[in-house]
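Here the structure is laid out as structure tokens; the discussion comes afterwards.
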Amino acid sequence: MKKIILIVITFLAFYFAAHAQQVSVKVLSNEQSFGTNIISNTDINGVLYTFPQRIHDFFLDTTTGYISLQLRNLSRNGKYLDNNGKLVQFDPQTGKVIWSMEMYYASNYIQHFNNNLITGFGGKSTGLDLNTGNKLWTIKNGIMMANSAADIGIGYRYKGSSGYTNDLRGIDMRTGAVKWERFLEHDYGWNEAFYINDSTLIVASSGLHAVNLRIGRGWDYHALTGKKDYTGMVAANAAGLALGLLTGTFMVTTAHDVVTDLVSNTLIDNDYIYFATREELVKLNKNTGQLVWHYPIPKGMGSQSALYIDDNSVYMVNTGLGNLGVRKAKIGEPFVAAFNRETGVQEYFSFIKEKDLQILSHEVINDQIFLLFANRIMVCSMSDGQKLVTEDFNLGNKIGFEYFTGSNIFIERENKVLALFELWPENLFVVTTDGKVLSINSQLEIEETIEKDELMFYHNQYSGYKLISKADKCSVIDEAGNRVAELKATPGAIVNGDFLFDKSEKALIVVDLREVGTGDVRWDEGRK
């Protein structure tokens with residue numbers, strides 16, 4: 020029976036991939052109010068476009084202005100997604116469907132890049148014409164990212180016998196032709212990828228690698244960024260994965276005993292790159308990859324880490340953690356250290372000697388490093404690494420700390436919507452395991468506990484105003500925190516130009532933000 024089901028799924032996947040039939044999709048439009056301009060007491064209008072199926076996801080291509088919608092209903096009990104659905108290309112400026120096709124989502128996936136739309140199945144990637152939906156090309160290759168200016172996508176070659184190889188390719192996004200091929204390991208996933216100029220990409224994957232998008236060439240610095248055959252303890256709490264720690268965003272390893280992300284962030288300083296792995300901290304010439312200096316991390320101590328820099332020193336916070344799939348694994352030892360940025364000479368190396376402590380989050384304020392543990396905050400001096408103060412917290416009911424948060428959280432006080440750092444400029448803000456936020460002063464005392472249902476979140480900015488979300492409502496505030504407008508909008512809404520785009524069940528919502536207000540407001544973004 021299982022074989023029959025597998026054969027049917029495979030047939031349907033191949034059918035829809037190879038025979039992307041154009042289908043008719045009827046869209047109803049209805050202009051209505053989606054909010055209020057509080058200053059003028061007038062409605063903020065928009066258009067509700069209703070589709071025949073539930074909108075599972077949508078993507079706005081800022082190059083063409085088109086919106087790609089994945090239509091996909093839920094099962095009768097609302098717990099599961101239907102495998103059959105549609106892919107629709109929609110023009111919000113005209114309110115018309117450009118094209119649409121049937122999709123079998125059980126095995127096909129959709130990738131969106133500006134000016135490019137890709138469907139994938141079984142290691143194959145197919146480029147679609149944005150204006151017609153016609154298949155432009157198909158290649159046995161993944162597409163991990165694309166540069167619309169260069170019309171180049173990059174990803175790994177796929178072989179049916181072994182899956183994705185270590186052969187990284189540059190793909191012409193217009194024709195699907197292979198422009199170049201290069202060996203670049205990804206056993207532990209990609210940790211980071213960023214441009215240092217218009218054509219050169221730096222990839223953090225088993226080290227650091229420079230990749231010229233047009234020809235594929237560039238320097239390599241090989242390093243160990245993971246650990247296989249892991250047999251240690253797994254931390255129960257992994258919320259930090261989605262909140263700022265390196266997570267192997269582009270491609271992650273699925274082996275059950277492989278720990279990934281035993282690396283730091285990558286710091287760029289003029290012509291140099293600073294980067295740490297589980298074995299060393301290095302300074303490289305970003306243009307040539309030449310090693311300027313390196314500092315070997317004591318054996319068995321390296322883990323996921325973070326780097327900071329000032330005029331004289333490079334500071335390293337080693338957490339004692341790595342990623343084991345979606346969980347946190349205890350690996351290495353937590354410590355803070357500093358090195359001369361010119362020579363790499365160690366200035367201090369301060370071990371966190373307490374047993375079974377891992378650094379969940381960290382923040383640098385002025386000349387101090389604040390380290391967050393499950394039930395403890397430790398403060399270290401950046402000048403010599405010495406521990407200045409340690410405070411234990413007992414929150415009760417097995418509640419602990421999760422991570423430090425920054426200026427993206429707002430609350431309402433005396434009819435104003437204000438960022439936490441505006442209310443408590445000198446305080447730390449800690450998210451707890453039950454979703455609350457604690458405001459903690461410089462003496463490490465809890466000044467206020469902010470309940471989960473009070474929290475509001477920075478969403479976007481428009482014409483000098485900030486859009487602050489809470490559930491399905493969005494407050495538009497001026498620089499003083501005064502509400503100037505209220506909108507119906509979810510945290511998943513997108514702002515592009517003068518319009519806000521959102522979805523609700525079967526409807527795409529387009530709101531004209533020009534009715535929000537006017538003004539040229541300048542913001543002090545504050546501490547992140």
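Counting from 20, one number per residue, gives the positions in the sequence shown under my numbering. Quick reminder that beta carbons are idealized off the backbone N, C-alpha and C, glycines included. In this text the structure is predicted, and so the values were computed from the model without any measurement.
Helix, strand or coil at residue i according to DSSP, with G and I counted as helix
i, result
"Gly259", "Residue confidence is low: Gly259 scores 36 on pLDDT, short of 50, so the model does not pin down where it sits. Its coordinate-derived value is still stated next. Helix at Gly259."
"Asp110", "strand"
"Leu300", "strand"
"Thr273", "For Thr273, the pLDDT reaches just 43, beneath the cut-off of 50, and the residue's location in the model is therefore unreliable, leaving the point undetermined."
"Lys471", "helix"
"Arg533", "helix"
"Pro315", "strand"
"Leu220", "strand"
"Met397", "strand"
"Asp186", "strand"
"Phe479", "It is worth fixing the name first, because residue 479 is Asn in this sequence and not Phe. Strand, per DSSP."
"Glu50", "strand"
"Ser523", "strand"
"His205", "coil"
"Ser458", "strand"
"Gly245", "coil"
"Arg176", "strand"
"Tyr367", "strand"
"Val345", "coil"
Given residue i as reference, the closest of the options once Cα atoms are compared
i, options, result
"Leu390", "Ser324, Lys159 and Gly344", "Ser324"
"Ser400", "Asn434, Phe448 and Met335", "Met335"
"Tyr367", "Tyr477, Asn216, Gly97 and Phe354", "Phe354"
"Ser126", "Ile487, Val42, Gly104 and Phe53", "Gly104"
"Gly363", "Ile316, Asp239 and Ile465", "Ile316"
"Trp156", "Tyr124, Thr138 and Thr194", "Thr194"
"Asn1", "Asp217, Ser283 and Gly97", "Given that the chain is displayed from residue 20 to residue 547, the structure contains no residue 1 and the question cannot be resolved."
"His131", "Ser167, Asn96 and Asn153", "Ser167"
"Thr296", "Asn92, His313 and Asp62", "His313"
"Lys349", "Leu281, Phe78 and Asn133", "Leu281"
"Ile469", "Asp76, Asn416, Lys492 and Leu442", "Leu442"
"Val456", "Arg95, Thr424, Asn394 and Glu431", "Thr424"
"Ser224", "Gly237, Gly208, Ile234 and Ser488", "Gly208"
"Arg395", "Ile384, Ser380, Phe412 and Val383", "Phe412"
"Phe429", "Thr451, Phe392 and His478", "His478"
Between the CA atoms of residue j and residue i - distance to the nearest angstrom
i, j, result
"Tyr128", "Gly142", "11 angstroms"
"Val529", "Gly308", "47 angstroms"
"Thr279", "Val116", "43 angstroms"
"Gly174", "Leu187", "6 angstroms"
"Leu532", "Gly161", "38 angstroms"
"Lys522", "Met122", "20 angstroms"
"Ser87", "Met475", "29 angstroms"
"Leu340", "Lys347", "6 angstroms"
"Leu93", "Glu298", "48 angstroms"
"Ile292", "Leu300", "11 angstroms"
"Gly319", "Ser218", "37 angstroms"
"Asp403", "Leu439", "30 angstroms"
"Gly12", "Ser52", "No answer is possible for residue 12: it lies beyond the span of the chain, which begins at 20 and ends at 547."
"Glu211", "Thr244", "12 angstroms"
"Phe294", "Leu136", "34 angstroms"
"His241", "Asn460", "43 angstroms"
"Lys417", "Val449", "16 angstroms"
"Gly146", "Leu506", "37 angstroms"
"Val222", "Val44", "41 angstroms"
"Asp288", "Gly454", "37 angstroms"
Residues near residue i in its chain [Cβ-Cβ closer than 8 angstroms; skip 5 each side]
i, result
"Val398", "Gln387, Ile388, Phe389, Leu390, Lys406, Leu407, Val408, Thr409 and Leu463"
"Arg73", "Leu90, Arg91, Asn92, Leu93, Glu524 and Lys525"
Same chain only: Cβ atoms within 6 angstroms of residue i, ignoring 5 sequence neighbours per side
i, result
"Gly114", "Ser48"
"Gly500", "Lys435, Val436 and Leu437"
"Val495", "Tyr484, Leu486, Val503, Ala504 and Val535"
"Phe18", "This structure cannot speak to residue 18, because the chain is shown only from 20 to 547."
"Lys159", "Gly142, Lys143 and Tyr177"
"Ile465", "Leu457 and Ile459"
The alpha helix (DSSP H) enclosing residue i, as first and last residue numbers
i, result
"Leu414", "No alpha helix (DSSP H) holds Leu414; DSSP gives it neither H nor E."
"Phe440", "Leu439 to Leu442"
Where the beta strand (DSSP E) containing residue i begins and where it ends
i, result
"Phe389", "Gln387 to Leu391"
"Thr83", "Taken as a continuous stretch (DSSP letters only), Thr83 belongs to no beta strand (DSSP E), as it is neither H nor E."
"Met120", "Lys115 to Tyr123"
"Glu382", "Ser380 to Ile384"
"Arg236", "Run containing Arg236: none; DSSP gives neither H nor E here."
"Glu431", "Ile428 to Arg432"
"Met495", "The sequence shown places Val at residue 495, rather than the Met named in the question. Lys492 to Ile496 is the extent of the beta strand (DSSP E) around Val495."
"Val66", "Thr61 to Thr69"
"Tyr99", "Note, Tyr99: premise wrong, no beta strand (DSSP E); not H, not E."
Cut-off 7 angstroms between Cβ atoms - residues of its own chain near residue i, not counting five sequence neighbours on either side
i, result
"Glu467", "Ser458"
"Tyr85", "Gln108, Phe109, Asp110, Ile117 and Leu149"
"Asp290", "Asn304, Lys305 and Asn306"
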